[in-house]
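The next block holds one structure in the form of structure tokens; read it before the comments.
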Amino acid sequence: MGIKNSFTGRRAIWLIGGTSDSARLASALVQCQLPTVVTVTTPSARALYPVADSLTVRVERLMPDTLPHFIQSAAIGAILDASHPFAVEISRMAIASAQQHQIPYLRYERPTSISISEGARRWAMPTLLRETAPGVNAPSEPKHLIFDSFADLLQ
2 MGIKNSFTGR
12 RAIWLIGGTS
22 DSARLASALV
32 QCQLPTVVTV
42 TTPSARALYP
52 VADSLTVRVE
62 RLMPDTLPHF
72 IQSAAIGAIL
82 DASHPFAVEI
92 SRMAIASAQQ
102 HQIPYLRYER
112 PTSISISEGA
122 RRWAMPTLLR
132 ETAPGVNAPS
142 EPKHLIFDSF
152 ADLLQ
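In our numbering, the protein residues as written are 2 to 156.
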């Protein structure tokens, strides 16, 4: 599967952040001890995220020509897009990168929140996997992707 993350030997989740929602998602990923790389565009946004061995926060504006190197060097195995709804360009680049590198892309949509069903410990996250993909029409309603854990995305 290529490069592995030094924290766990697993590939990392790229959390596209900068929002309070992404900070809550980062905290959940830290609790699960999943290797996560958060990208934000301003130094002040860095303060939103917890300090943890499994979490790296990078302040940088990714561009189409730098994104492939980022995906490879950070050993990204899944993308969780919790960017601001108006941050369309990074979402488009992330979708294209997910398709190119054949890795899962999940879009966190507001106002629906993450929920854990009673006893099953299954996560349900609304996601629009195709909404900004070039040449593909958006679904009329968000689809829900259910998976046992974020770790399932990295296998």
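Quick reminder that beta carbons are idealized off the backbone N, C-alpha and C, glycines included.
Of the residues Ser55, Thr20, Pro65, Leu68, the one whose Cα lies closest to the Cα of His85 is Thr20.
Within the segment 31–61, the runs of beta strand (DSSP E) at least 3 residues long that lie entirely inside it are, in chain order, 37–41, 56–60. When the Cα atoms are used, Val60 and Pro69 turn out to be separated by approximately 17 angstroms. Between the alpha carbons of Ile104 and Arg47 lies a gap of roughly 25 angstroms.
With 16 or more other Cβ atoms from the protein chains shown falling within 10 Å of its own Cβ, Val58 counts as buried. Out of His102, Phe71, Gln101, the CA that lies nearest to the CA of Thr40 is found in Phe71. Contact annotation: Ser23 and Ala99 have beta-carbon atoms that are not nearer than 7 angstroms. One alpha carbon belongs to Arg12, the other to Ala29, and they sit about 17 angstroms apart.
Following the DSSP letters along the chain, one finds Ile96 inside the alpha helix (DSSP H) bounded by residues 89–102.
Per DSSP, the beta bridge partners of Leu81 are Leu16, Leu107. Between Ala27 and Leu56, the beta carbon gap of about 6 angstroms places them in contact (Cβ cut-off 8 angstroms). At a Cβ-Cβ threshold of 7 angstroms, Ile80 and Ala97 do not count as neighbours.
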